[in-house]
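17 is the number of the first residue of the sequence shown in our numbering; add one for each residue after it.
By construction, the Cβ of each residue, glycine as well, lies at the ideal position given by its N, Cα and C atoms.
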Amino acid sequence: MARIERTEGQSVRYRLVSAAGEPVSIVQDFLAHLLARGCSPNTVAAYAFDLRHLWTFLEASGVPWNRMLPPDAIGLLAHLRSVVVRRRRRAEPSLLAAGGDRVLGLSAAAINRALAAAASLYEFAIVAGRLDGPNPLACGEHKNAVPVTDRHRPFLDGIARRSPIRRGMRVKTALRLPRPLEPEQVAALVGCLRCKRDLALVRLMLDGGLRPGEALALRVADVAYGRRRVVIRHDTEHPKGVRPKSRTERVVDLHEPETLAAVADYMMSERPVEADSPYLFLVGGHGRRRLEPLSYAALAKLFARAAARAGIREAWVTPHALRHTHATRMWEGGMRELALQRRLGHASPVSTRIYTRVSDAAVVAEYRRAVGLDREVP
């Protein structure tokens with residue numbers, strides 16, 4: 017079975033190794049290409065782990081990677097459906113074991129990610145001249161097909177001639193609404209944080225809607241206390257592989273006094289004074305990692321421990337849930353969709369629109385009117 021190995025002293029931190037114990041050269045070249053394009057090390061690692069499923073299927077089927085045909089894609093999908101995973105919190109019950117018990121398989125999102133990674137690998141192989149013929153994982157679309165969100169079709173849609181659109185194979189996924197934390201859960205979480213650094217981190221994500229990567233990549237110079245704002249910059253130099261998702265810089269105003277007060281308190285009394293790192297959040301204590309910038313893994317660990325102490329440890333309670341909480345609070349407070357999109361740094365309004373479905377005041381008002389709760393009692 018194909019496996020992933022960690023590399024030392026190389027730009028690509030992981031490599032795919034075949035069942036015979038040989039590194040897969042086409043995958044390594046593809047991962048190096050992703051890194052050269054500016055993808056974060058974590059993104060490249062995710063591609064490596066997703067392509068492991070493709071190679072396991074190819075080896076089990078006896079199909080060379082450069083001989084895969086569109087019919088084999090059906091077999092790949094069946095293979096992904098049969099994969100059993102161990103990590104319960106990242107999987108969903110999807111299969112029945114021989115004894116009738118439920119076992120855990122890949123989620124629909126994980127299957128789509130693996131299919132997309134495989135399709136991208138074959139696109140790279142075609143462009144690099146290492147594969148002749150079409151991409152075996154690309155599905156043909158109608159020549160007049162146009163990607164339009166929310167099922168809206170513009171006037172005279174389909175009249176204009178367009179080139180055929182080719183899209184990758186996908187499985188249907190459920191539209192899951194973001195789950196914001198309740199005020200009581202937020203208060204419990206904040207009360208269980210052990211140090212000022214952790215409080216400042218949580219406050220930035222909760223009150224500013226920052227993504228975890230954006231908060232970790234903040235530099236000391238990015239905080240403007242006088243103007244009560246932080247600047248989110250695209251950073252590719254973080255030594256722990258942290259990368260803000262958006263490549264567009266933006267300003268996030270923080271007018272709630274406790275937010276920047278928590279950051280200032282951390283800077284003045286807890287951040288190591290001898291640190292020469294430009295990054296705001298560093299490892300403290302007296303261990304060997306002292307003064308190093310905080311990593312994703314460290315953030316996830318400290319957050320999970322605080323959530324456990326607060327009694328709210330669930331699979332969906334993650335650092336990113338703080339961003340969902342902020343966005344939902346802003347929308348319910350009356351912030352317009354365009355303003356919320358700019359504040360969150362979404363490239364597409366579709367990403368912002370999902371928060372309008374969490375709690376739509378107009379729908380609630382219409383519901384109350386329909387059941388007579390708004391009628392005056394004589």
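Thinking just about the alpha-carbon of each residue, which of the options is nearest to the one in residue i?
i: L338; options: R352, A323 and G327; result: A323
i: P57; options: G301, R259 and H342; result: R259
i: S311; options: G224, D88, F46 and Y295; result: Y295
i: V374; options: L270, R249, V40 and G349; result: G349
i: T368; options: Y241, M346 and R321; result: M346
i: T264; options: E230, L270 and T275; result: E230
i: P288; options: A277, V279, G301 and L276; result: G301
i: H340; options: S364, P228 and V33; result: P228
i: E200; options: A326, R384 and V267; result: A326
i: E198; options: V333, I90 and V28; result: V333
i: W71; options: P86, D45, L51 and L32; result: L32
i: G225; options: H342, R266 and E38; result: H342
i: S77; options: D45, L51, Y63 and A35; result: A35
i: V187; options: L96, W81, V40 and E353; result: L96
i: V202; options: V218, G149, R249 and G145; result: V218
i: P87; options: A64, I142 and M185; result: M185
i: G277; options: A378, L120 and A240; result: It is Ala, not Gly, that sits at residue 277 in the sequence shown. Comparing Cα positions, the closest option is A240.
i: G257; options: D238, G207, V40 and L51; result: L51
Is the CB-CB distance between residue i and residue j below 8 Å?
i: V99; j: L74; result: no
i: F319; j: P335; result: yes
i: F140; j: H254; result: no
i: G54; j: T344; result: no
i: L153; j: A135; result: yes
i: Y371; j: L389; result: no
i: I42; j: Y30; result: no
i: N151; j: Y138; result: yes
i: A94; j: T189; result: no
i: A18; j: R68; result: yes
i: V79; j: V28; result: no
i: L270; j: R304; result: no
i: R210; j: Y282; result: no
i: F297; j: L205; result: no
i: L307; j: S293; result: yes
i: G145; j: I248; result: no
i: A64; j: L47; result: yes
i: D223; j: E290; result: no
i: V268; j: R359; result: yes
i: L120; j: V143; result: no
i: P365; j: E353; result: yes
What are the start and end residues of the alpha helix (DSSP H) that includes residue i?
i: I90; result: P86 to S98
i: Y30; result: Premise fails: Y30 lies in the beta strand (DSSP E), Y30 to V33, not in any alpha helix (DSSP H).
i: W332; result: Premise fails: W332 is in no alpha helix (DSSP H) and is neither H nor E.
i: S367; result: P365 to R369
Give me the DSSP bridge partner(s) of residue i.
i: R245; result: A240 and D269
i: P39; result: V33
i: R235; result: Y295
Is residue i helix, strand or coil when you go by DSSP?
i: V374; result: coil
i: L47; result: helix
i: G121; result: strand
i: I20; result: strand
i: L209; result: coil
i: R195; result: coil
i: R321; result: helix
i: P57; result: helix
i: P11; result: Nothing can be reported for residue 11, as the shown portion of the chain is limited to 17 through 394.
i: T264; result: coil
i: G115; result: Here the model assigns G115 a pLDDT of 47, short of 50, so the residue's position is not dependable, and the following value carries that caveat. The answer is coil: DSSP assigns G115 none of H, G, I, E or B.
i: R304; result: coil
i: P80; result: coil
i: L226; result: coil
i: E348; result: helix
i: A337; result: helix
i: H342; result: helix
i: H362; result: coil
i: T189; result: coil
i: L389; result: coil
i: E139; result: helix
i: R384; result: helix
i: A144; result: coil
i: E200; result: helix
i: V279; result: helix
i: A107; result: Residue placement at A107 is flagged as unreliable, the pLDDT there being 43, under the threshold of 50; the coordinate-derived value follows with that caveat. A107: coil per DSSP, three-state reduction.
i: S27; result: coil
Flag residue i as yes when its Cβ comes closer than 7 Å to any non-hydrogen atom of the ligand GDP, and as no otherwise.
i: L74; result: Summarising the ligand content, the structure contains no ligands, and the ligand GDP is consequently not present.
Using a Cβ-Cβ cut-off of 8 Å, state whether residue i counts as contacting chain B.
i: N151; result: Chain labels in this structure do not include chain B; a single protein chain is all it has.
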